[in-house]
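Asks: I'd like to ask you about the structure that follows.
There are 2 protein chains.
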Amino acid sequence: MSDVQLSHARLPATLTIEVLDEFGDIHPQAIAAERALTVYLNKREIVTLMTLGADPEALVVGYLRNQGLLGSRRDLVAVHVDWDVEAAAVVTRRLPEDLEERLGQRTVTTGCGQGTVFGRLLDSIPKQTLPDTPLQQSVLYSLLENLGAHNETYKSAGAVHGCALCHQAEVLDFVEDVGRHNAVDTLAGRQWLGLAGDEERLADIFYTTGRLTSEMVLKVAQMGISVLVSRSGVTQKGVELAERFGVMLIARAKGRHFQAIRSGQRLILDAVPAKRPGDRLRART
Amino acid sequence: MSDVQLSHARLPATLTIEVLDEFGDIHPQAIAAERALTVYLNKREIVTLMTLGADPEALVVGYLRNQGLLGSRRDLVAVHVDWDVEAAAVVTRRLPEDLEERLGQRTVTTGCGQGTVFGRLLDSIPKQTLPDTPLQQSVLYSLLENLGAHNETYKSAGAVHGCALCHQAEVLDFVEDVGRHNAVDTLAGRQWLGLAGDEERLADIFYTTGRLTSEMVLKVAQMGISVLVSRSGVTQKGVELAERFGVMLIARAKGRHFQAIRSGQRLILDAVPAKRPGDRLRART
């Protein structure tokens, strides 16, 4: 993708403020950045995203791509982000024929950080049938351990969601943002732009710290991934879409615990832990 | 508001599915409902909201109201929700003159469940200057205890956010939804429709389980409330707007712990707890 002109307008993900705690002590606290970025596609205003600002070019490309507003990668000419005017200018050689129609309808999803899908969300369907990827419990546990090293911003500042593209227990790419949908779009954008590093190894598991709601399942299915792991819970529509698309949901995955939904024969229980008292008492997420 | 025709299309907030845990045991798990509701204002499609469906009429009215798409309450004729077609038909006698302009721009916020604000979010300003409401630490602690009784759906299913209008330690109204922004809008809608019960007692504290991001601070300020309490963390823009509008932020409020931001003289430390080991080790939210 060296032919696409990209600005590199990364900004620090956190800043430090002073807070007063319950003891009356003042101390420094890192907080997540949150910046407005208005996206212009061939000079037309599309949307304003509230983002951490850590990878804006990939976010904008991934957003437009996932909204079906960017067609072939060959058509993409440039992405220029200018924080002074909080704007991202995207130049493409060709716009989708149904642009007006797409921009006319919008669905506000449960998505943190990217609550809008142009067009009717639930009418969308994945471009491909998904593979019946199996998942070993031991691989899930290794993956959860590997993911622990990645959520930098969350550890210091909280108030962000993390998403990861994984190949079995290996984390291929990890992105955090104030909204989990920005994180998903940034991952997609980095892949599409060839910035995600090792492109040989195909992602077969998607991990998110956020909830498994309708649009999360849809986006993961559209990425061709059929295993979706989350630290959080699921919603009804998330489960419905997962069944329809053939996505295996692993919810509330923390430490050794998880809740697999409609996993059928795909989940291989090869690392069942010994039961301890209190194993059923779980914090909700 | 008995003159407004309202359907009462409440649906159960949770349903139960079977999950497989790490021990290979199958057991029932309550999950949050998530339903699509497309909003039509005088037959014009405005947006599709993903919601729990527990109070759809108030949600739709609160959403339109907070987007500036509904003017005077006298103009509101009817709100009819029909889940069979996943549609809410809102009839008003008058539409805002700048409707087209408002619908033309959208900001996608970090908001769970309502990620879109029509118009430029950060250009908006509260309609009123906010009161310098003081807050006693002891009142905060009592409020946090009282709130514990309210998050029904979260306790059973997780995957929802709760928001509350409070008068000092008293919870006036509490709403949960798959997105915290639906919860905020539903609270506003219930108030505006006169469904929130005791309207004499004015809310002076807003509580949310969600993060204190830009649009949460903006919405609370627009409700004329100057104390915003959250179990979660803050973002940069949330802090910026809180300063600009005079909203006192109390973040990470759990049990006895909290982090007050720019609280100045408004926070009265009348219940400082005894320090215990580990009081500084906090889970991020």
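Which chain is which? The protein sequence lines are B and R, in order. Heads up: the first sequence at position 145 corresponds to 621 in the numbering used here, and the numbers run straight through without jumps. Heads up: the second sequence at position 36 corresponds to 512 in the numbering used here, and the numbers run straight through without jumps. Yeah, the Cβ is synthetic: ideal placement off N, Cα and C, and Gly gets one too.
(1) To the nearest angstrom, how far is it from the Cα of residue 516 of chain R to the Cα of residue 486 of chain R?
(2) Are any of the Cβ atoms in chain R nearer than 8 Å to that of residue 604 of chain B?
(3) Tell me which same chain residues have a C-beta within less than 6 Å of the C-beta of residue 565 of chain R, skipping the five on either side of it?
(4) Spell out the partners DSSP gives residue 699 of chain B in its beta bridges.
(5) So residue 689 of chain R contacts chain B; which residues on that side make the cut at Cβ distance below 8 Å?
(6) Using a cut-off of 7 Å between C-beta atoms, extract the partners of residue 607 of chain B located in chain R.
(7) Just by C-beta distance, which residues in the segment 691-722 of chain R are closer than 9 Å to chain B?
(8) Rank R:554, R:563, R:560, R:558 by C-alpha distance to the C-alpha of residue 570 of chain R and give the top, closest one.
(9) According to DSSP, which residues form a beta bridge with residue 608 of chain B?
(10) Does the Cβ of residue 504 of chain B have 16 or more other Cβ atoms within 10 Å, making it buried, or fewer, making it exposed?
(11) Would you say residue 745 of chain R reaches chain B, if we count a Cβ-Cβ gap shorter than 8 Å as a contact?
(12) Ordered along the chain, which non-local residues of its own chain (more than five positions away) have a Cβ less than 8 Å from that of residue 744 of chain R?
(13) Helix, strand or coil for residue 720 of chain B, going by three-state DSSP, please let me know.
(14) Which residue comes first and which comes last in the beta strand (DSSP E) that contains residue 503 of chain R?
(15) So residue 749 of chain R contacts chain B; which residues on that side make the cut at Cβ distance below 9 Å?
(16) Identify every residue that forms a DSSP beta bridge with residue 563 of chain B.
(17) First and last residue of the beta strand (DSSP E) that includes residue 688 of chain B?
(18) Check the Cβ of residue 681 of chain B against every Cβ in chain R and list those closer than 7 Å, keeping chain order.
(19) With respect to the beta strand (DSSP E) encompassing residue 657 of chain B, which residues constitute its N-terminal and C-terminal limits?
(20) Examine chain B for any beta-carbon lying closer than 8 Å to the beta-carbon of residue 491 of chain R, and answer yes or no.
(21) What's the gap between the Cα of residue 604 of chain B and the Cα of residue 718 of chain B?
(22) Classify residue 573 of chain B as buried or exposed, calling it buried when 16 or more other Cβ atoms lie within 10 Å of its own Cβ.
(23) Please list, in chain order, all residues of the same chain as residue 700 of chain B whose beta carbon is under 6 Å from its beta carbon, the five residues on each side excluded.
(24) To the nearest angstrom, report how far apart residue 740 of chain R and residue 694 of chain R are at their CA atoms.
(25) Among the residues of its own chain, which have a CB less than 6 Å from the CB of residue 644 of chain B, if the five just before and after it don't count?
(26) Whose Cβ in chain B lies nearer than 9 Å to the Cβ of residue 650 of chain R?
(27) If I follow the unbroken beta strand (DSSP E) through residue 495 of chain B, where does it start and stop?
(28) How many Å lie between residue 591 of chain B and residue 727 of chain R at the Cα?
(29) For residue 613 of chain R, report the span of its alpha helix (DSSP H) as first-last.
(30) When DSSP labels each residue in this structure, what does residue 523 of chain R get in the three-state scheme?
(31) Using DSSP bridges, identify the partner residues of residue 646 of chain R.
Replies: Short version:
(1) Taking the first residue of the second sequence as position 1, residue 516 of chain R is located at position 40. Taking the first residue of the second sequence as position 1, residue 486 of chain R is located at position 10. Rounded to whole angstroms, residue 516 of chain R to residue 486 of chain R spans 18 Å at the Cα level.
(2) In the first sequence, the residue the question calls residue 604 of chain B occupies position 128. Cβ-Cβ to chain R under 8 Å: no for residue 604 of chain B.
(3) Position 89 of the second sequence, counted from the first residue, corresponds to residue 565 of chain R. Counting only Cβ-Cβ distances below 6 Å, and skipping sequence neighbours, we find 516, 556.
(4) One-based indexing of the first sequence puts residue 699 of chain B at position 223. DSSP output for residue 699 of chain B lists no bridge partner at all.
(5) In the second sequence, the residue the question calls residue 689 of chain R occupies position 213. Within 8 Å of the CB of residue 689 of chain R, the CB atoms of chain B belong to 510, 526, 635, 654, in sequence order along the chain.
(6) Here residue 607 of chain B refers to the residue found at position 131 when the first sequence is read from its first residue. Neighbours of residue 607 of chain B on chain R: none; closest Cβ ~21 Å, over 7 Å.
(7) The segment 691-722 of chain R vs chain B, Cβ under 9 Å: 691, 708, 709, 710, 711, 712, 713, 714, 715, 716.
(8) Translated into the one-based positions of the second sequence, residue 570 of chain R becomes position 94. Checking every option, the nearest Cα to that of residue 570 of chain R belongs to R:554.
(9) For this step, residue 608 of chain B is matched to residue 132 along the first sequence. Bridge partners of residue 608 of chain B: none, in fact.
(10) By 1-based counting over the first sequence, the position of residue 504 of chain B is 28. Around the beta carbon of residue 504 of chain B, a 10 Å sphere encloses fewer than 16 other beta carbons of the protein chains shown; the residue is thus reported as exposed.
(11) Numbered from 1 along the second sequence, position 269 holds the residue referred to as residue 745 of chain R. It does: the Cβ of residue 745 of chain R has a partner Cβ on chain B nearer than 8 Å.
(12) The residue you call residue 744 of chain R lines up with position 268 of the second sequence. Once the five neighbours on either side are set aside, the close Cβ partners of residue 744 of chain R are 610, 611, 612, 613.
(13) Counting from one through the first sequence, the residue named residue 720 of chain B turns up at place 244. The answer is helix: DSSP assigns residue 720 of chain B an H, G or I state.
(14) As a working mapping, residue 503 of chain R is identified with position 27 in the second sequence. 502-508 is the span of the beta strand (DSSP E), which, as asked, contains residue 503 of chain R.
(15) By one-based count along the second sequence, residue 749 of chain R stands at place 273. Here the neighbours are 498, 499.
(16) If you number the first sequence from 1, residue 563 of chain B lands on position 87. BP columns for residue 563 of chain B point to B:514, B:558.
(17) Working through the first sequence from its first residue, we reach residue 688 of chain B at position 212. Careful: residue 688 of chain B lies outside any beta strand (DSSP E) and carries neither H nor E.
(18) Position 205 of the first sequence, counted from the first residue, corresponds to residue 681 of chain B. Here the premise fails: no neighbours, minimum Cβ distance about 17 Å.
(19) Along the first sequence, read from residue 1 onward, the residue named residue 657 of chain B stands at position 181. Counting along the chain, residue 657 of chain B falls outside any beta strand (DSSP E), though it belongs to the alpha helix (DSSP H) covering 656-668.
(20) Position 15 of the second sequence, counted from the start, is the residue given in the question as residue 491 of chain R. With 8 Å as the cut-off, residue 491 of chain R counts as an interface residue toward chain B.
(21) The residue given as residue 604 of chain B occupies position 128 in the first sequence. The residue given as residue 718 of chain B occupies position 242 in the first sequence. Roughly 14 Å separates the two Cα atoms.
(22) In the first sequence, the residue the question calls residue 573 of chain B occupies position 97. By the neighbour-count criterion, in which a residue is buried when 16 or more other Cβ atoms sit within 10 angstroms of its Cβ, residue 573 of chain B is exposed.
(23) Reading the first sequence from its first residue, position 224 is the one you call residue 700 of chain B. Residues of the same chain with a CB within less than 6 Å of the CB of residue 700 of chain B, apart from the 5 flanking positions on each side, are 604 in chain order.
(24) Here residue 740 of chain R refers to the residue found at position 264 of the second sequence. Here residue 694 of chain R refers to the residue found at position 218 of the second sequence. Between the C-alpha atoms of residue 740 of chain R and residue 694 of chain R there is a straight-line separation of about 20 Å.
(25) For the purposes of this step, residue 644 of chain B is taken as residue 168 along the first sequence, with counting starting at 1. If we look at residue 644 of chain B and ignore the five residues flanking it on each side, its Cβ neighbours are 615.
(26) Indexing the second sequence from 1 puts residue 650 of chain R at position 174. Contacts between residue 650 of chain R and chain B, judged by CB atoms closer than 9 Å, are missing: the closest CB pair is about 16 Å apart.
(27) Locating residue 495 of chain B in the first sequence gives position 19, where the first residue counts as 1. For residue 495 of chain B, the uninterrupted beta strand (DSSP E) run begins and ends at 490-497, by DSSP.
(28) In the first sequence, the residue the question calls residue 591 of chain B occupies position 115. In the second sequence, the residue the question calls residue 727 of chain R occupies position 251. With a pLDDT of only 45 at residue 591 of chain B, under the threshold of 50, the placement of this residue in the model should not be trusted; the figure read from the coordinates follows. Their backbone Cα atoms lie some 23 Å apart in a straight line.
(29) Position 137 of the second sequence, counted from the start, is the residue given in the question as residue 613 of chain R. Where residue 613 of chain R is concerned, the enclosing alpha helix (DSSP H) stretches over 613-623.
(30) The sequence position of residue 523 of chain R within the second sequence is 47, counting from 1. Residue 523 of chain R: strand per DSSP, three-state reduction.
(31) Translated into positions along the second sequence, residue 646 of chain R becomes position 170. According to DSSP, which records beta bridges pairwise, residue 646 of chain R is partnered with R:643.
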